[in-house]
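Student:
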Amino acid sequence: MSDASSTSAAETMAETTASDAGDEPWFPGALSGGCPPAWTGADVVGETELGAFVGKTALFAYVPCLDSEALSSAFLEIAIFDEGVDFAAAKRGEGARLHLSPDWWYTSDRQWLERGADSAFLTDGADSVNFSVHLTIRAKSGNWDAFDPLDPPVLHGSIESEDPSGPRGSFDAAFCGARIAEPWCPD
13 MSDASSTSAA
23 ETMAETTASD
33 AGDEPWFPGA
43 LSGGCPPAWT
53 GADVVGETEL
63 GAFVGKTALF
73 AYVPCLDSEA
83 LSSAFLEIAI
93 FDEGVDFAAA
103 KRGEGARLHL
113 SPDWWYTSDR
123 QWLERGADSA
133 FLTDGADSVN
143 FSVHLTIRAK
153 SGNWDAFDPL
163 DPPVLHGSIE
173 SEDPSGPRGS
183 FDAAFCGARI
193 AEPWCPD
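Here is the structure:
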């Protein structure tokens with residue numbers, strides 16, 4: 013485990029990308045910040061091919077889509093971590109987690125737009141299993157204007173697997189800048 017003063021290459025990339033995104037007048041300023049000092053925010057349970065999943069920590073970030081080096085949109089990413097994963101590991105994206113990659117984009121219209129079917133996969137080490145899920149974002153809270161680690165942006169929602177015994181439940185996912193992925197745009 014690294015100490016708080018060390019920074020990984022992924023964290024440096026996330027901070028640089030988040031800083032660039034924060035320069036866009038239409039993009040929420042808080043989404044250029046860091047992570048809360050601690051967070052849980054999930055009650056997602058289900059049986060999977062990898063065993064029982066009990067999700068207790070929910071974080072969100074985004075994959076920036078750059079057009080000529082300027083942010084043109086952002087692809088939503090939500091991760092719900094198993095109860096056995098500590099917060100420091102969750103910020104690094106380690107441990108058993110349910111990874112939601114819905115086809116939702118934040119655009120200059122200042123809203124998340126749903127553009128397709130929702131999917132998820134559960135990862136535990138080298139093993140993973142895919143799910144079809146229904147994702148609902150009911151509300152948002154927190155400070156979206158400027159990042160405040162004690163009042164981070166939060167997306168409140170729920171997921172329900174199409175498999176009756178698959179992962180389902182509610183979450184309050186806090187924004188965590190350390191989870192921002194490398195820029196990517198679809199064709």
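Under the working numbering, think of the first position of the sequence shown as 13, with each following residue one higher.
Here a beta-carbon is modelled for each residue, glycine too, at the ideal position from N, C-alpha and C.
Just so we're clear, the structure is a prediction, and the values are computed from it rather than from any experiment.
Rounding to the nearest angstrom, what Cα-Cα distance links H168 and G181 in this structure?
Tutor: The residue given as residue 168 occupies position 156 in the sequence shown. The residue given as residue 181 occupies position 169 in the sequence shown. Going from the Cα of H168 to the Cα of G181 covers about 11 Å.
Student: With a threshold of 8 Å on Cβ separation, who are the neighbours of A186 within its own chain once the five nearest residues in sequence on each side are excluded?
Tutor: What you label residue 186 is simply residue 174 of the sequence shown in a count that begins at 1. The answer, listed in chain order, is C47, P48, W51, G53, A70, L71, F72, G154, P164, P165 and V166.
Student: According to DSSP, simplified to helix, strand and coil, what is A138?
Tutor: Here residue 138 refers to the residue found at position 126 of the sequence shown. Of the three classes helix, strand and coil, the one that applies to A138 here is coil, per DSSP.
Student: Ignore the nearest five residues each way along the sequence and tell me which others in A42's own chain have a CB closer than 8 Å to its CB.
Tutor: Position 30 of the sequence shown holds residue 42. Around A42: G154, N155, W156, D157, A158, F159, D160, P164, P165 and F187.
Student: Just to confirm, is the Cβ distance from S140 to F133 under 8 Å?
Tutor: One-based indexing of the sequence shown puts residue 140 at position 128. One-based indexing of the sequence shown puts residue 133 at position 121. Their beta carbons are under 8 Å apart, which means S140 touches F133 by this criterion.
Student: Could you spell out the range, first to last residue, of the alpha helix (DSSP H) harbouring A158?
Tutor: Here residue 158 refers to the residue found at position 146 of the sequence shown. That residue, A158, is in no alpha helix (DSSP H); it is neither H nor E in DSSP.
Student: Between the beta-carbon of A213 and the beta-carbon of D94, is there less than 8 Å?
Tutor: The requested residue 213 does not occur in the structure, where the chain is confined to residues 13 to 199.
Student: Which residue wins for smallest C-alpha separation from T60, given the options A193, C197, P176 and R191?
Tutor: Mapped onto the sequence shown, residue 60 falls at position 48. Among A193, C197, P176 and R191, the Cα nearest to that of T60 is on P176.
Student: Rounded to whole angstroms, what's the CA-CA distance from F65 to S85? Just pull it up for me.
Tutor: By one-based count along the sequence shown, residue 65 stands at place 53. By one-based count along the sequence shown, residue 85 stands at place 73. Each residue's Cα considered, the two are about 32 Å apart.
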